[in-house]
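Novice: I'd like to ask you about the structure that follows.
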Amino acid sequence: MPDQSPISSVNDFVVRFANVNGSGSASANELFARSILRHGVPVSPRNIFPSNIQGLPTWYEVRVTEDGHLGARGGVDMMVAMNPQTWDKDVASIEPGGYLFYDSTKPMPTSKFRADITVIGVPLTAITNSTYTDPRQRQLFKNIIYLGALSALFDMDYKLIEQLIGEQYKGKEKLLSSNVHALHLGRDWALQNLKCPIGLRVKKADKVGERIFIEGNSAAALGAVYGGATVCAWYPITPSSSVAEAFTSHCKRLRHDPETGKAKYAIVQGEDELASIGIVIGASWNGARAFTATSGPGISLMTEFIGLSYFAEIPAVIMNIQRAGPSTGMPTRTQQCDIIACAYASHGDTKHVLLFPEDPAEAFEFAAHSFDLAERLQTTIFLMLDLDIGMNHRLCRPLKWDDARQYDRGKVMTAEMLEEGRDFGRYLDVDGDGIPYRTYPGTHPTKGSYFTRGTSRDRYARYSEEGAVYADNMQRLVRKFETAQDLVPRPLQANAGKPTKYGVIYFGSTSPAMDEAIGLLEARGHHLDRLRIRAFPFHSSVASFIADHDFVYVVEQNRDAQLRSLIVNENGIDPVRLVPILHYDGTPITARFIANAIGDHQDHLKVTPLRKAVS
Amino acid sequence: MTYIAKPKFHHPGLPKNELGYTHRDYEGKISTLCAGCGHDSITASIIEACYELSIEPHRVAKISGIGCSSKTPDYFLGNSHGFNSVHGRMPSVLTGANLANRDLIYLGVSGDGDSASIGFGQFAHSIRRGVNMTYIVENNGVYGLTKGQFSATADFGSKSKKGVTNTDNAIDLVAIALQLGATFVARSFSGDKTQLVPLIAAAIRHKGASFIDVISPCIAFNNHAGSTKSFDYVREHNDAVNRLDVLVGREPIAVDYAPGTVQVVEQHDGTKLALRKLDADYDPHDRLGAQNFLQKHAAKGQIVTGLLYVDPEAEDLHAHLDTVETPLNTLDEKALCPGSAALDKINASLR
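Listed in order, the protein sequences are those of chains A and B.
Under my numbering, residue 646 is the last one in the first sequence; the count climbs by one each step, no gaps.
Under my numbering, residue 399 is the last one in the second sequence; the count climbs by one each step, no gaps.
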């Protein structure tokens, strides 16, 4: 018996699977997460994986959370330790009173365990070796066998798992029955040999509702399909590759002409990120909706073209699935570290529109919206996801589309308008919003053609190096950026239950951890108003939110407080009023981290003055 | 910078092509390049080829990179959209434009610095993909705008104007294009308009990746003794393997060629290419033979020109991607958006 009473918790615990990359564990682990969802209990899974194909350690963490806290929690209640390489670290990471599940085929010295945890051994290798002869089968079914054993330990309804296996292998009877068989091998062994259930249990609830379970990259790609993207050019880079891959598979299902079978899209894997953004800009210049997906190093390579898009005013959509930088950084770890790099990308004076979705549902919406914005504003729109949203399944509201919605193709002068005698100046601000009209190539035999260039030119696109002409154009671009402020998604404010002098600003994947942290902070007596920023340029409500509070915490996942710098720079805010709360070790930010950091700062503010203490 | 506006009036008796356009309708702004620049001759050849083919000027998209050559699209087809993009990146911009609207004619204009140095990768990959385009490199072996540095096509041992000897090996873009699967490959000389005009016309009519390397002497920085891209040197070492006539429509092939000296190639769109052989052994359908021939002659210091390779059955990138016939940039919500019912089904599959 452990010398600490075992953790007892229903529908609220964290299981971490420690595996070897390439061992086929991912699908079994995902099956585990999905089967808990089928119990009506929300889960939040996360892949923690190396930049490697086979052999290095990989973890899959499932947070079971009836209360619906979808951020990472931190800490592990049960470790499914399937990787000898990481055994010591894995065992050490278990919470006191937690559980260790391991393959007990080979005896382990007692020094390899801990006294304050419950150790559960299942002879997985022995079971698989006595059942299967093929090495690959042994490997794959071992994963399903431990899943079966866990289902008994957690008191799960195995029929729900069978049902999921049935859906996954529909029409492949042999695979279906062999998987179900493996599931029962593990489950039956556990029921016969172990005390089931343990303190951690899954109980049916009704807390999932109509929500869906999807990766942010797949949702963003679907947003591109719904948003009318026809050209996608990309270069493989973790963690963004699955955007283009998902776009490909969505298009195969949804974008072929029913009569001819031909593709209503073109996807090109470029030779590098330069070619990818070049293709996007060429296609957009020619009136198609086009996008690329990349990550930090790709953004660095694309910056020359991004400046062209800004200055020559050509629409482009760049989905940046952020990972830890700088340089190659930690390619498979998450961060929000490209805020400044994207906001001011390229040489010279530039500013770009950034969108910050919080989850896959917003990734879908913002992705679709980004094509309207790119064509309306005739510039680059960055959709700023990160690895945490992009590559993990996340429970979110169902995706919605209004069939009456029409694409906003922006200001495009047609042959008819030219024929009517409308004055066409490619860089002429006719409406005062800083946005000129453009024409598509091939529009009219004698009117509306112009020469696109990255060099300075006048309102009628004629080359010019006159200072006044250049400044006039640069001023118009500022006006255009002001126009963008009212077109991009506005910040969302949520006030504390009682009046408070303190506020917190956050964005993107920090959202679920922040929501949870608010509850933890309230329990400590700290009340904060919240503002979730969803886009740059910042809406005026950002400045007023800061003005309304004595201190505002800015929570972000990078070292240098990049969003804070952007707010200070763009709104002329006194930096002292914005307190940075920074998490940047590559793991997703947790509610515990935020609550501790803000809580400690708040406690410090409340220190009793010395004189009072003495008297 | 163009300070002088070009007068628009012209002689009323100026001949017109099938569409009723005169030569002037294919011109652009006045060139700002040096007087006597080879590039201006290429500009004139492009104008001539488009006029003769009776192309609607506005249905051409002219795309270039950065450099002297890349400025030239401003000097022809004034009613076409042009895009003077980023140094070395014309091929990607052109590829994207082509994907958006397959119905326009794409003319990519580049230089040796633009395509053989900074943009060597993009040059190679656009050729590999079989983008339907006419890719012209105005090749002078030198960086003109930055005043005379060697480019990657400068021959080993050739001398710069300042007397420096080039010790780097030269890149032969024609050889590379052949190796990478270009389906129309030619080389010509800016000083030989009668050879160049039909080559450009045939390339425009070719459906696939057409590449033309045009040796175009730089009058300011690479026209001296010791240069292998000077007017004199190219004239002396030019080894033309054939002469081309482009025949559009159903007109019969002229019969005044001596029997056995003319090879007729019919392209996808019915255009007939009549090739008068100057070198009896040269076969423009033999990719490997062409590579071999080029290398042998290059070793002897000869510059092989003419239509070097053509595959009349070529396929382009759109065929590879199996895209719809309708240009992608004309598809609307109805054609592109799967709608809410499909989304409901997707949602259901994600529970």
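Built from N, CA and C at the ideal position, the CB exists for glycine as well.
Computed from a predicted model, the values in this text were never measured in an experiment.
Beta-carbon within less than 6 Å of threonine 143 of chain B's beta-carbon, same chain only, minus the 5 sequence neighbours each way: which residues are those?
Specialist: To locate residue 143 of chain B, count along the second sequence from 1; it is residue 95. If we look at threonine 143 of chain B and ignore the five residues flanking it on each side, its Cβ neighbours are Ser174, Val179.
Novice: For the region 114–174 of chain A, list the alpha helix (DSSP H) runs that are entirely contained and at least 4 residues long, ordered along the chain.
Specialist: Counting whole runs of 4 or more residues, the region 114–174 of chain A contains the alpha helix (DSSP H) stretches 118–123, 155–162.
Novice: Which residues in the same chain have their Cβ closer than 6 Å to the Cβ of proline 346 of chain A, if we skip the five residues on either side of it in sequence?
Specialist: On the first sequence, residue 346 of chain A is found 315 positions in, with the first residue counted as 1. Same-chain partners within the cutoff: Ser315, Ala405, Glu406, Gln409.
Novice: In the region 518–602 of chain A, which residue ranges form an unbroken alpha helix (DSSP H) of at least 4 residues, counting only runs that do not cross its ends?
Specialist: Taking only runs of at least 4 residues, the alpha helix (DSSP H) segments lying wholly in the region 518–602 of chain A are 542–554, 571–578, 593–602.
Novice: At the 8 Å Cβ level, is serine 140 of chain B part of the contact set with chain A, yes or no?
Specialist: Along the second sequence, one-based indexing puts residue 140 of chain B at 92. Cβ-Cβ to chain A under 8 Å: yes for serine 140 of chain B.
Novice: Identify the contact partners of isoleucine 394 of chain B in chain A, using a Cβ-Cβ distance below 8 Å as the criterion.
Specialist: Residue 394 of chain B sits at position 346 when you count from the first residue of the second sequence. Result: Leu253, Leu430.
Novice: For aspartate 88 of chain B, which residues from the same chain have a beta carbon less than 7 Å from its beta carbon, with the 5 sequence-adjacent residues on both sides left out?
Specialist: Here residue 88 of chain B refers to the residue found at position 40 of the second sequence. Closer than 7 Å at the Cβ level, and outside the excluded window around aspartate 88 of chain B, lie Ser79, Leu81.
Novice: Residue ranges of each alpha helix (DSSP H) run of no fewer than 4 residues wholly in the region 241–271 of chain A, ordered along the chain?
Specialist: Whole alpha helix (DSSP H) segments, 4+ residues: 247–257.
Novice: For chain B, is any of its Cβ atoms less than 8 Å away from the one on valine 311 of chain A?
Specialist: Here residue 311 of chain A corresponds to residue number 280 of the first sequence, with the count starting at 1. True, the Cβ-Cβ gap to chain B drops below 8 Å.
Novice: What separation, rounded to the nearest whole angstrom, lies between the Cα atoms of leucine 181 of chain A and arginine 218 of chain A?
Specialist: For the purposes of this step, residue 181 of chain A is taken as residue 150 along the first sequence, with counting starting at 1. For the purposes of this step, residue 218 of chain A is taken as residue 187 along the first sequence, with counting starting at 1. Computed Cα separation, rounded: 7 Å.
Novice: Keeping to the same chain, check which residues put their C-beta closer than 6 Å to that of valine 303 of chain B; ignore five residues upstream and five downstream.
Specialist: Along the second sequence, read from residue 1 onward, the residue named residue 303 of chain B stands at position 255. In this prediction, valine 303 of chain B has a pLDDT of 45, which is less than 50 and means its spatial position is unreliable; nothing more can be read from the coordinates.
Novice: Rounded to whole angstroms, what is the Cα-Cα separation between aspartate 460 of chain A and arginine 510 of chain A?
Specialist: Mapped onto the first sequence, residue 460 of chain A falls at position 429. Mapped onto the first sequence, residue 510 of chain A falls at position 479. Aspartate 460 of chain A and arginine 510 of chain A: Cα-Cα distance of roughly 10 Å.
Novice: For histidine 106 of chain B and aspartate 151 of chain B, what's the separation of their Cα atoms in angstroms?
Specialist: For this step, residue 106 of chain B is matched to residue 58 along the second sequence. For this step, residue 151 of chain B is matched to residue 103 along the second sequence. The straight-line gap from Cα to Cα measures roughly 12 Å.
Novice: So what does DSSP say about glycine 156 of chain B, is it helix, strand or coil?
Specialist: Indexing the second sequence from 1 puts residue 156 of chain B at position 108. Reduced to three states, the DSSP call for glycine 156 of chain B is strand.
Novice: Tell me methionine 448 of chain A's beta-bridge partners as DSSP assigns them.
Specialist: By one-based count along the first sequence, residue 448 of chain A stands at place 417. Its beta-bridge partners do not exist; DSSP assigns none.
Novice: Checking contacts by CB at 8 Å: is alanine 302 of chain B closer than that to chain A?
Specialist: On the second sequence, position 254 is the one that residue 302 of chain B refers to. Legend: pLDDT at alanine 302 of chain B = 49, less than 50; position of this residue unreliable, value from coordinates given subsequently. Chain A contact via Cβ: absent.
Novice: Run through the DSSP bridge pairs and tell me what valine 45 of chain A is partnered with.
Specialist: Here the question's residue 45 of chain A lines up with position 14 in the first sequence. DSSP output for valine 45 of chain A lists A:Arg94 as bridge partner(s).
Novice: Helix, strand or coil for threonine 411 of chain A, going by three-state DSSP, please let me know.
Specialist: As a position in the first sequence, residue 411 of chain A is number 380, starting the count at 1. Three-state DSSP puts threonine 411 of chain A in a strand.
Novice: Taking leucine 404 of chain A as the query, report the chain B residues whose CB atoms sit under 8 Å from its CB, ordered along the chain.
Specialist: Here residue 404 of chain A is taken as the residue at index 373 of the first sequence, counted from 1. Those do not exist, as leucine 404 of chain A stays about 16 Å from chain B at its closest Cβ, beyond 8 Å.
Novice: Use the C-beta contact count for serine 646 of chain A: other C-beta atoms within 10 angstroms, 16 or more gives buried, fewer gives exposed.
Specialist: One-based indexing of the first sequence puts residue 646 of chain A at position 615. A caution first: serine 646 of chain A carries a pLDDT of 47, below 50, which makes its placement in the model too unreliable to give a value.
Novice: Residues of chain A with a CB under 8 Å from the CB of proline 386 of chain B: which are they?
Specialist: Translated into the one-based positions of the second sequence, residue 386 of chain B becomes position 338. Correct list: Val256, Tyr257, Leu285, Arg286.
Novice: Between glutamine 227 of chain B and chain A, is there a C-beta pair that is closer than 8 Å?
Specialist: Here the question's residue 227 of chain B lines up with position 179 in the second sequence. False, the Cβ-Cβ gap to chain A never drops below 8 Å.
Novice: How would you write the range of the beta strand (DSSP E) that leucine 164 of chain B sits in, first residue to last?
Specialist: As a working mapping, residue 164 of chain B is identified with position 116 in the second sequence. First, the amino acid is wrong: residue 164 of chain B is alanine here, not leucine. That residue, alanine 164 of chain B, is in no beta strand (DSSP E); it is neither H nor E in DSSP.
Novice: So which of A:Met415, A:Leu222, A:Arg563, A:Lys478 has the shortest CA-CA distance to glutamate 451 of chain A?
Specialist: Working through the first sequence from its first residue, we reach residue 451 of chain A at position 420. For the residues A:Met415, A:Leu222, A:Arg563, A:Lys478, the minimum Cα distance to glutamate 451 of chain A belongs to A:Lys478.
Novice: What in chain B is Cβ-close to glutamine 437 of chain A, meaning under 7 Å?
Specialist: In the first sequence, the residue the question calls residue 437 of chain A occupies position 406. Under the 7 Å cutoff, chain B gives Glu381.
Novice: Kindly examine the ligand FAD and report whether one of its heavy atoms sits closer than 7 Å to the Cβ of isoleucine 629 of chain A.
Specialist: Judged by which ligands are present, the structure shown has none, so any question about the ligand FAD falls away.
Novice: Report all residues from its chain with a CB closer than 7 Å to the CB of arginine 555 of chain A; omit the five preceding and five following residues, and keep chain order.
Specialist: Position 524 of the first sequence holds residue 555 of chain A. Only Gly630 meet the Cβ criterion.
Novice: Within its chain, find whatever has a CB closer than 7 Å to the CB of leucine 155 of chain A; leave out the 5 residues flanking it on each side and keep chain order.
Specialist: Here residue 155 of chain A refers to the residue found at position 124 of the first sequence. Within the same chain, leucine 155 of chain A has close Cβ partners Asp134, Thr136, Lys173, Ile176, Tyr177.
Novice: Pick helix, strand or coil for arginine 104 of chain A, following the three-state DSSP scheme.
Specialist: In the first sequence, the residue the question calls residue 104 of chain A occupies position 73. Coil at arginine 104 of chain A, not helix or strand.
Novice: So who's on the other strand from phenylalanine 124 of chain B, going by DSSP bridges?
Specialist: Residue numbering aside, residue 124 of chain B sits at position 76 when the second sequence is read from its first letter. Bridge partners of phenylalanine 124 of chain B: B:Glu75.
Novice: Starting from valine 296 of chain B, trace the alpha helix (DSSP H) in both directions and tell me its first and last residue.
Specialist: In the second sequence, the residue the question calls residue 296 of chain B occupies position 248. No alpha helix (DSSP H) contains valine 296 of chain B, which DSSP labels as neither H nor E.
Novice: So glutamine 170 of chain B contacts chain A; which residues on that side make the cut at Cβ distance below 8 Å?
Specialist: By one-based count along the second sequence, residue 170 of chain B stands at place 122. The answer, in chain order, is Glu302, Leu305, Ala306, Gly309.
Novice: Assuming contact is defined by CB atoms lying nearer than 8 Å, are glutamine 588 of chain A and threonine 365 of chain A in contact in what I supplied?
Specialist: Sequence index remark: in the first sequence, residue 588 of chain A carries index 557 (1-based). Sequence index remark: in the first sequence, residue 365 of chain A carries index 334 (1-based). Yes, these two residues count as a Cβ contact at 8 Å.
Novice: On the DSSP bridge assignment, give the partners of aspartate 261 of chain B in chain order.
Specialist: Within the second sequence, the letter at position 213 stands for residue 261 of chain B. In the DSSP output, where bridge partners are listed per residue, aspartate 261 of chain B has B:Val185, B:Arg235.
Novice: How about glycine 652 of chain A and aspartate 390 of chain A: are their beta carbons less than 8 Å apart?
Specialist: For residue 652 of chain A there is no data in the structure shown, the boundaries of chain A being 32 and 646.
Novice: Please return the same chain residues whose Cβ sits closer than 7 Å to the Cβ of aspartate 160 of chain B, not counting the five positions on each side in sequence.
Specialist: As a working mapping, residue 160 of chain B is identified with position 112 in the second sequence. Here the set comprises Val185, Asn187, Asn188, Gly189, Ser199, Ala200, Thr201.
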